[in-house]
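Asks: Sharing a structure below in structure tokens format, with a few things to ask.
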Amino acid sequence: MVLDVYSFTAQGGRGHNEDTAAFRIENGHGLFLVADGLGGHAHGEVASGCVREALFDGWSGSMQEKDQTRKQWLAEKFFEANQAILSRQRMQGSDMKSTAVALAIDDDKACWAHVGDSRLYYISHNDILHITDDHSVAFKKYLAGEITRFQINSDDDQSRLLRTLGSNDRYEPTQGPDDVTLSADDAFVLCSDGIWEYLHDTEILVDYLKSKNAREWGYHLLMRVMDRVDGSNDNLSIITVMLS
29 MVLDVYSFTA QGGRGHNEDT AAFRIENGHG LFLVADGLGG HAHGEVASGC
79 VREALFDGWS GSMQEKDQTR KQWLAEKFFE ANQAILSRQR MQGSDMKSTA
129 VALAIDDDKA CWAHVGDSRL YYISHNDILH ITDDHSVAFK KYLAGEITRF
179 QINSDDDQSR LLRTLGSNDR YEPTQGPDDV TLSADDAFVL CSDGIWEYLH
229 DTEILVDYLK SKNAREWGYH LLMRVMDRVD GSNDNLSIIT VMLS
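Residues 29 to 272 (the working numbering) make up the sequence shown, in order.
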């Protein structure tokens, strides 16, 4: 598989950027991460940086010599990220935390995991096949039928998170299906809530269908967001991945 990637992160209407967007590609293998740091005063940036270090410092483009699957590896790295943030909390006297969504692609196989409300969208055969479920009170309200799916974006409880990295007992990631088999023209979006809260799910698909590459797709989505923000918006982070 050839992996075409576009990545963007910015502070938006905030004083500084506490998000992390990172990726690495090697011989048909790829690792992609969006983490949204929480804590303010740059502590959120430290927390999301801990997630990046835990995942990428231990990443290899091949799993052939490891006694675990990539899915198991991903779960282990989320645990290590949680431990690293807890350690920094003690060192700095801060309650810093982070959401995270990560995607691993190995040739024609993919797996992913997330904690919090940073999202992954998986597109295949010109349709959105999977969207990660937010670990938030607003998402629980949607599941209970109290609000519609799109109302999650502006609900008062949208930012009340039920799981985060940097927690003693509520940090476990939710993982996607086992070893999803990929096809040419499959695609992914990873993004923080600063992006998806301004988008309809169908807009993500429409912009994919009219884009020639990952950069163009990312631009289309960012232009929609920029037209809708009011200058006080959250940090913005997005990664688009297109396969061929």
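Where is the CB? At the ideal position from N, CA and C, for every residue including glycine.
Tell me whether V30 sits in a helix, a strand or coil according to DSSP, three-state version.
Replies: The answer is coil: DSSP assigns V30 none of H, G, I, E or B.
Asks: Please report how far the alpha carbon of H248 lies from the alpha carbon of Y226, in whole angstroms.
Replies: Going by the C-alpha atoms only, they are around 13 Å apart.
Asks: Is the Cβ-Cβ distance between L190 and R198 less than 9 Å?
Replies: Cβ atoms of L190 and R198: closer than 9 Å.
Asks: Taking the CB atoms as reference points, tell me whether G40 and N263 lie closer together than 9 Å.
Replies: Yes, these two residues count as a Cβ contact at 9 Å.
Asks: What are the boundary residues of the alpha helix (DSSP H) that M6 is part of?
Replies: In the structure displayed, the chain extends from 29 to 272; residue 6 sits before or after that span and is not available.
Asks: Quick check: what's the CA-CA separation for I113 versus C219?
Replies: Rounded to whole angstroms, I113 to C219 spans 21 Å at the Cα level.
Asks: Taking all protein chains shown into account, do 16 or more other C-beta atoms lie within 10 angstroms of the C-beta of F178, making it buried, or fewer, making it exposed?
Replies: By the neighbour-count rule (16 or more Cβ atoms within 10 Å), F178 is not buried but exposed.
Asks: Hey, out of V143, A130 and I175, whose CA is closest to D161's CA?
Replies: Nearest C-alpha to D161: V143.
Asks: Kindly identify the DSSP beta-bridge partner or partners of D47.
Replies: According to DSSP, D47 bridges with D64.
Asks: What does the Cβ neighbour count give for L237, buried or exposed, with the cut at 16 atoms within 10 Å?
Replies: Per the 10 Å Cβ criterion, exposed.
Asks: Measure the alpha-carbon distance for S115 versus K240 and round it to whole angstroms.
Replies: Rounded to whole angstroms, S115 to K240 spans 44 Å at the Cα level.
Asks: Using only CA atoms, which one of D136, F107 and V33 lies nearest to T202?
Replies: Taking only the C-alpha atoms, the option nearest T202 is F107.
Asks: Taking D255 as the reference, give the member of I223, H71 and H44 with the closest Cα.
Replies: The shortest C-alpha separation from D255 is found at I223.
Asks: For L59, which residues in the same chain have their Cβ closer than 6 Å to its Cβ, ignoring the five residues on either side in sequence?
Replies: R52, W87 and A132, listed in sequence order.
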